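The letter at position 51 of the sequence shown is residue 50 when you use numbering that gives the first Met the number 0, and the numbering goes up by one with no holes. For glycine and all other residues, C-beta sits at the position ideal for the given N, C-alpha and C. These figures come from a predicted structure and were not determined experimentally. Worksheet for the structure shown next.
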Amino acid sequence: MPRATERPQSLAERIYAQLKDDIFEFRLMPGERFSEGQVAERMAASRTPVRQALHRLQREGFLDVHFRSGWQVRPLDFVQFDELYELRIVLELDAVRRLCQRPKDEHPPALQDLARTWMVRKNEQLQDGSAVSQLDEAFHCQLLEAAGNREMARVHREVSEKIRILRRLDFTQARRIDLTYAEHQRILEAILTRRSEEAQQLLKGHIEVSKAEVHSITLHRLYGARQRVEQMPEQPGHDLHA
0 MPRATERPQS LAERIYAQLK DDIFEFRLMP GERFSEGQVA ERMAASRTPV RQALHRLQRE
60 GFLDVHFRSG WQVRPLDFVQ FDELYELRIV LELDAVRRLC QRPKDEHPPA LQDLARTWMV
120 RKNEQLQDGS AVSQLDEAFH CQLLEAAGNR EMARVHREVS EKIRILRRLD FTQARRIDLT
180 YAEHQRILEA ILTRRSEEAQ QLLKGHIEVS KAEVHSITLH RLYGARQRVE QMPEQPGHDL
240 HA
């Protein structure tokens, strides 16, 4: 229940965060439809903050809105995700190639920041999946920024936003967090010593393994979510899983 003194903006933020978490955890299934009124009833809120939250999720690519049938969780399109991962690989490999062409004594500040974040001892590594997911996305975006082509960096950010809903699942397992630190360290070491071919091979393998893991985890979670829905007793009307 919302707090009596909660400001509309903070209420919209809370509704946004709850719905986004529901989408990420497949409590709201890909392709599922619902209305603004159902969200307002579930959250015990007026429609204004609900509408703000829904439109924000739409801008971020998590929801679609239909004139007559309300809102819909954007269906998962694995073909599109594969194509986006392919584009991501092309952009990142080019960035690594550009970085490795620079003089060995030239280290862009972004690379130095990445080294401070990722080239740390085991006991200094973060284990919170959500935090590591954000750091991982920043790692790959900063490679593009350090390479110096602003348009390529912009396109890469757009790609990253579109795959975020699945990519974050890669950090729900501790072993993947540990591997990410190890792989990022090897990639950075190769870039800093200008071993271009090795850096590109390491980076490509890192992304491809991550993509395969994300596919597997997503399918497993979707199956589990559908099983839970099938086992739920039928209730009159759709309550948005209240």
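DSSP-derived helix/strand/coil call for residue i
{"i": "D76", "result": "coil"}
{"i": "L62", "result": "strand"}
{"i": "Q126", "result": "coil"}
{"i": "F33", "result": "strand"}
{"i": "Q71", "result": "strand"}
{"i": "R193", "result": "coil"}
{"i": "D104", "result": "coil"}
{"i": "M118", "result": "coil"}
{"i": "L98", "result": "helix"}
Among the options, the one whose alpha carbon lies nearest that of residue i
{"i": "I164", "options": "Q17, R13, E24", "result": "E24"}
{"i": "R185", "options": "E40, M118, Q8", "result": "M118"}
{"i": "L187", "options": "Q230, R115, L90", "result": "R115"}
{"i": "H214", "options": "E40, A198, V78", "result": "V78"}
Environment of residue i [buried if 16+ CB atoms lie within 10 Å]
{"i": "S159", "result": "buried"}
{"i": "R245", "result": "Because residue 245 is not part of the residues shown, which for the chain are 0 to 241, the question remains open."}
{"i": "H219", "result": "exposed"}
{"i": "D76", "result": "exposed"}
{"i": "P102", "result": "exposed"}
{"i": "E229", "result": "exposed"}
{"i": "F298", "result": "The chain is shown from 0 up to 241; residue 298 falls before or after that span and cannot be answered."}
CA-to-CA distance, residue j to residue i, given in whole angstroms
{"i": "L178", "j": "D135", "result": "12 Å"}
{"i": "R2", "j": "Q37", "result": "Residue confidence is low: R2 scores 49 on pLDDT, short of 50, so the model does not pin down where it sits. Its coordinate-derived value is still stated next. Going from the Cα of R2 to the Cα of Q37 covers about 19 Å."}
{"i": "L255", "j": "R149", "result": "What the structure shows of the chain is the stretch from 0 to 241, and residue 255 is not part of that stretch, so it cannot be assessed."}
{"i": "I88", "j": "F138", "result": "14 Å"}
{"i": "V72", "j": "H106", "result": "43 Å"}
{"i": "L92", "j": "E157", "result": "17 Å"}
{"i": "I14", "j": "R194", "result": "47 Å"}
Chain-order list of residues whose beta-carbon lies under 6 Å from that of residue i (same chain, five-residue window excluded)
{"i": "Y180", "result": "Q124"}
Cβ neighbours of residue i in the same chain (closer than 8 Å, five flanking residues each side left out)
{"i": "I162", "result": "F80, L83, Y84, R87"}
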